[in-house]
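Chains as they are written, first to last, in the working numbering: chain A, 336 to 756; chain B, 2 to 374.
Encoded structure:
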């Protein structure tokens with residue numbers, strides 16, 4: 336049986352999330368900023384048409400913002416994460432086999448679930464728009480790579496009305512896609528392929544197998560087979576747990592004191608530990624990094640310190656303790672610091688932790704229950720509802736989010752109010 | 002310097018010194034072997050400043066001299082040469098010429114004066130341990146020294162503790178290693194009592210190299226232990242390893258049999274073959290096998306969602322309460338290969354350590370920590 340994949344891609348996802356709760360933003364240029372309100376990380380189509388590029392620093396386009404009344408928002412990841420869950424929950428109703436690929440993308444297997452994939456995709460698109468309020472583009476193809484290419488075409492060409500099936504016009508579509516835009520072809524490979532006269536996706540699909548395998552490895556050959564319509568990458572419904580978890584943020588202001596740095600390290604460790612527990616893992620290695628403000632020295636100085644954890648753990652107080660010790664180890668009084676990061680690695684399943692002869696585990700049944708309770712409270716009542724005092728209360732160092740919209744769906748206090756007169 | 006030597010002799014000498022060089026050092030000369038001639042002998046020396054070796058062989062010396070030459074490159078070259086005699090000479094301390102019937106190779110050399118001075122003279126104090134005692138002790142414990150990649154943060158764990166004890170029955174040498182997840186103890190009787198205080202710690206690399214030299218089964222080889230170093234001494238080879246200073250963790254309570262209330266007796270070979278099957282099944286990430294110790298049998302269960310599962314039962318004699326416990330199967334296997342008949346598995350409970358011995362014999366004990374589920 337021929338395989339049928341659909342890639343559902345939310346249009347300008349962060350902007351769309353902001354528009355759901357603020358209808359006045361419709362047809363108005365909107366941009367969303369990165370953490371600390373530094374650069375533009377999402378743009379509405381109207382903003383794109385004004386020439387605003389991805390990653391553009393906000394201070395460089397202040398004039399444009401004022402002249403065109405561009406709506407500017409700080410990133411609101413609580414809202415985006417929750418809206419993403421809603422989209423994925425909706426999509427899951429349409430197929431038993433689904434792979435959540437990123438916050439705004441999911442692969443669906445349409446094999447055996449419908450007779451007319453294009454019509455089915457339009458139904459999916461309508462439902463997501465109606466139930467969640469997010470517009471999506473859907474690409475359909477016999478492989479995941481082709482579905483991805485089809486989704487791109489669906490977004491680019493208004494004539495497709497958000498849904499495009501590449502199956503019947505594969506070669507024609509691939510000839511219009513540059514080799515740089517193929518899913519799985521990175522910048523270096525693209526440069527290499529161009530050097531060998533392979534410019535479009537169709538050129539790559541027609542390249543000899545032996546040559547591809549030699550120069551792009553087996554992964555490259557897999558991509559080529561997929562471009563030819565032979566599926567080599569199945570739907571991965573249960574993605575492998577992450578091998579490392581990093582949590583780092585720039586501060587909203589210069590930070591000088593060890594206490595504040597330790598507070599920040601503790602807060603980021605709590606976040607990372609929460610992610611660790613969510614995927615059912617424990618970490619056996621922790622690393623912290625501390626970055627200074629550059630001042631006149633050119634490149635900012637960065638100090639790194641790491642520690643091997645005797646018994647892998649996901650217990651927040653234990654991990655926070657290590658992080659604070661590591662910060663103390665690399666802290667120098669005097670310079671202003673702009674960023675702290677915490678990396679947890681050496682990740683093992685939480686249910687298979689190797690015990691140590693000389694260091695008893697600090698994560699007993701009580702601690703496991705405590706972490707479970709903490710996670711459940713924060714899941715139910717919103718992230719940060721309950722946490723450790725070592726992570727700070729007022730957090731004056733916290734990143735700037737001056738233009739953040741309300742957490743409409745995850746905080747009781749910020750629920751949108753509807754007034755009837 | 003100019004000499005002629007049979008290929009096999011030179012190859013054997015070079016093979017011995019390879020492990021003693023240090024290719025990643027900031028001092029390039031440490032990746033070289035020092036080649037010296039004196040009278041009718043060729044002497045090769047290598048060192049990484051912690052472990053050093055000197056190998057001597059008779060050969061036809063035509064001109065006395067010395068040079069330092071890349072140990073690996075020379076070994077790779079000599080290995081590929083045809084059997085027969087090799088002529089080697091050095092010109093102006095810059096180039097070594099290697100000549101056989103049809104091959105003529107030139108290799109760059111370094112100034113021998115730059116080579117570190119190594120003292121191979123044997124210490125007056127210290128005592129000799131026969132290889133037949135040292136070798137099994139090292140073999141039965143070596144695997145639980147942390148690997149270089151693991152780099153145990155506690156420095157003294159990166160080696161083996163060697164202590165001497167005096168009991169009513171006799172005098173014993175005891176070697177202990179641990180990577181903090183398991184601990185191995187091997188004890189062998191010696192002829193005469195020895196005073197070693199709290200013991201000496203032999204670093205991992207030195208232990209590996211001494212073991213390799215012991216594997217060569219050289220005649221009249223022995224090990225000399227002193228306070229600062231350990232020596233391997235044979236007719237033509239002398240190797241020295243500088244010891245680690247520090248305190249090894251207290252392990253006595255962990256290996257005390259009386260603290261283990263439960264014991265299972267199983268056939269070691271049978272258990273080993275079951276575990277080999279389990280290892281083929283479990284992945285590196287979920288490297289865990291469940292043991293269910295019951296009155297008359299032991300159940301072994303391994304599960305890998307990507308591949309399948311192993312569910313096996315073997316006969317056993319178990320006293321005490323039933324216990325379910327999880328282990329890394331490789332740790333258990335590494336002990337079982339040294340047990341011929343019945344393995345005794347002593348347990349404290351599902352979260353406590355387990356100790357394995359070769360039947361009633363307690364010369365060798367292996368303690369393994371379980372995995373928390």
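All C-beta atoms, glycine included, are put in the ideal place defined by N, C-alpha and C.
Legend entry - Beta-carbon proximity check, residue 161 of chain B vs residue 230 of chain B, cutoff 9 Å: no
Inset, instruction - Could you check the C-alpha separation between residue 148 of chain B and residue 241 of chain B for me, to the nearest Å? - result: 21 Å
Legend entry - Residues from the stretch 295 to 329 of chain B in contact with chain A, defined by Cβ distance under 8 Å: 327 and 329
Inset, instruction - Measure from the C-beta of residue 706 of chain A to each C-beta in chain B and report whether the shortest distance is under 9 Å. - result: no
Legend entry - residue 432 of chain A - containing beta strand (DSSP E), residue span: That residue, residue 432 of chain A, is in no beta strand (DSSP E); it is neither H nor E in DSSP.
Legend entry - Backbone CA spacing between residue 172 of chain B and residue 180 of chain B [nearest angstrom]: 27 Å
Legend entry - As assigned by DSSP and simplified to three states, the class of residue 734 of chain A: coil
Inset, instruction - Could you tell me which residues DSSP puts in a beta bridge with residue 116 of chain B? - result: Partner(s): none; residue 116 of chain B has no beta bridge.
Inset, instruction - Could you tell me whether any Cβ in chain B is nearer than 9 Å to the Cβ of residue 776 of chain A? - result: In the structure as shown, chain A begins at 336 and stops at 756. Residue 776 of chain A is therefore absent and cannot be evaluated.
Legend entry - Unbroken stretches of the alpha helix (DSSP H), 4 residues or longer, contained in the stretch 93 to 170 of chain B: 132 to 140
Inset, instruction - Could you name the residues that DSSP lists as bridge partners for residue 648 of chain A? - result: A:618
Legend entry - Residues that DSSP places opposite residue 176 of chain B in a beta bridge: B:163 and B:187
Legend entry - Min CB distance residue 597 of chain A to chain B below 9 Å: no
Legend entry - Nearest-angstrom Cα separation, counted from residue 418 of chain A out to residue 504 of chain A: 34 Å
Inset, instruction - List the DSSP bridge partners of residue 27 of chain B. - result: Residue 27 of chain B is not bridged to any residue.
Legend entry - In chain order, each beta strand (DSSP E) run of at least 3 residues that lies wholly inside the stretch 45 to 77 of chain B: 52 to 59, 61 to 64 and 67 to 71
Inset, instruction - Name the residue from B:319, B:280 and B:307 whose alpha carbon lies nearest to the alpha carbon of residue 328 of chain B. - result: B:280
Inset, instruction - Give every residue of the same chain whose Cβ lies closer than 7 Å to the Cβ of residue 119 of chain B, excluding the five residues on either side of it in the sequence, and list them in chain order. - result: 46, 48 and 53
Inset, instruction - Examine chain B for any beta-carbon lying closer than 9 Å to the beta-carbon of residue 532 of chain A, and answer yes or no. - result: no
Legend entry - Residue-level contact to chain A via CB, residue 352 of chain B, 9 Å cutoff: yes
Inset, instruction - Could you tell me which residues DSSP pairs with residue 350 of chain B in its beta bridges? - result: According to DSSP, residue 350 of chain B bridges with nothing at all.
Inset, instruction - Would you tell me roughly how many angstroms separate the C-alpha atoms of residue 38 of chain B and residue 145 of chain B, rounded to the nearest one? - result: 41 Å
Inset, instruction - Have a look at residue 176 of chain B and residue 598 of chain A and give me their C-alpha separation to the nearest angstrom. - result: 46 Å
Legend entry - Against chain A: residues of the stretch 175 to 192 of chain B by CB proximity under 8 Å: 179, 181, 182, 183 and 184
Inset, instruction - Report all residues from its chain with a CB closer than 8 Å to the CB of residue 322 of chain B; omit the five preceding and five following residues, and keep chain order. - result: 263
Inset, instruction - Report the residue from A:406, A:575, A:479 and A:464 whose alpha carbon sits nearest the alpha carbon of residue 684 of chain A. - result: A:575
Inset, instruction - Return helix, strand or coil for residue 310 of chain B, following the three-state DSSP convention. - result: strand
Inset, instruction - Kindly confirm or deny that the stretch 599 to 617 of chain A and the stretch 714 to 727 of chain A touch, where touching means at least three C-beta pairs closer than 8 Å. - result: yes
Inset, instruction - Taking the CB atoms as reference points, tell me whether residue 350 of chain A and residue 342 of chain A lie closer together than 9 Å. - result: no
Inset, instruction - Please confirm whether any heavy atom of the ligand ZN lies closer than 8 Å to the CB of residue 352 of chain A. - result: Ligands are entirely absent from the displayed structure, and the ligand ZN is therefore not among its contents.
Legend entry - C-beta atoms of residue 301 of chain B and residue 315 of chain B nearer than 9 Å: yes
Inset, instruction - List the residues that DSSP assigns as beta-bridge partners of residue 586 of chain A. - result: Paired residue(s): none; residue 586 of chain A is not in a bridge.
Legend entry - Option nearest residue 454 of chain A by Cα separation, candidates A:441, A:442 and A:473: A:473
Legend entry - chain A contact for residue 374 of chain B (CB, 9 Å cutoff): yes
Inset, instruction - Return the first residue and the last residue of the beta strand (DSSP E) that residue 745 of chain A is part of. - result: Element bounds for residue 745 of chain A: n/a, residue is neither H nor E.
Inset, instruction - For the stretch 260 to 275 of chain B and the stretch 186 to 203 of chain B, state whether three or more C-beta atom pairs, one from each stretch, are separated by less than 8 Å. - result: no
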